[in-house]
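Numbered per my numbering, the sequence shown spans residues 38 to 178. Below you'll find the structure, written out as structure tokens, and then a few comments.
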Amino acid sequence: MGMMCLLHASLTEYVLLFGAAVDTSGHSGRYWANISDTILTGEFRQWKEGQLKATLHGPGDTVFHAWGEATSVTFKGGTWMLEYGRGFIPSTLPFALSDTLFSTQDFATMYNTFRIYTKAIIQEFSVHLSDLNVVIQDMFS
38 MGMMCLLHAS
48 LTEYVLLFGA
58 AVDTSGHSGR
68 YWANISDTIL
78 TGEFRQWKEG
88 QLKATLHGPG
98 DTVFHAWGEA
108 TSVTFKGGTW
118 MLEYGRGFIP
128 STLPFALSDT
138 LFSTQDFATM
148 YNTFRIYTKA
158 IIQEFSVHLS
168 DLNVVIQDMF
178 S
């Protein structure tokens, strides 16, 4: 279990703060996106497929999760990281929210996550539409 604060999101990238105040572990997920986590505080342990030993990461380390890769992860309580994802970001949502849907059934959190992500997508589209409007106006002036 962890907590996130979404700082930026679009269809192709996101930036968020992620962490946990208590020890936690789980599966990283397998996405159509490259994800990097820069550890700010705490301890992050990652065990990649096909490896016999886990790798320990601390503050200042950046952990890279390649497109299609899955790992086992463990966080010590008080671990916080800055996460950047680039790729097809909607592909990350089913795994990210599956525990919310099938285990905790915390529908308020799921609703808020969709609401915040949808708002970010709409804001990005509005920027692109205003850029397109400027281009069209330039063409006809």
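Positions of the beta carbon are idealized from the N, C-alpha and C atoms, including for glycine.
Could you tell me which of SER65, PHE101, GLU86 and THR99 sits nearest to VAL110, measuring between CA atoms?
SER65
Report the option in ALA157, ILE76 and TRP84 whose CA atom is closest to the CA atom of TRP117.
ILE76
Can you give me the Cβ contacts of CYS42 inside the same chain, cut-off strictly under 7 Å, excluding the 5 residues immediately before and after it?
LEU53 and LEU54.
I want to know whether the region 118-128 touches the region 68-82 - three or more CB-CB distances under 8 Å.
yes
C-alpha gap between LYS156 and THR92, whole angstroms
37 Å
What does a CB cutoff of less than 8 Å around LEU48 pick up in its chain, not counting 5 residues either side in sequence?
PHE125, ILE126, PRO127, ILE158 and GLU161
Of the residues GLY105, GLU106 and THR137, the one placed nearest GLU151, counting alpha carbons only:
Reading the sequence as shown, one finds Phe at residue 151 and not Glu. For the residues GLY105, GLU106 and THR137, the minimum Cα distance to PHE151 belongs to THR137.
Just the C-alpha distance for ALA57 and GLY87, rounded to the nearest angstrom, thanks.
27 Å
Cβ-based burial, VAL171 [other Cβ within 10 Å; buried from 16]:
exposed
Applying the criterion that 16 or more other CB atoms from any shown protein chain within 10 Å of the CB defines a buried residue, is ASP74 buried or exposed?
That one is buried.
Please give me, in chain order, every unbroken run of the beta strand (DSSP E) with length at least 3 that falls completely inside the region 55-118.
61-64, 70-78, 81-85, 92-94, 99-102 and 108-112
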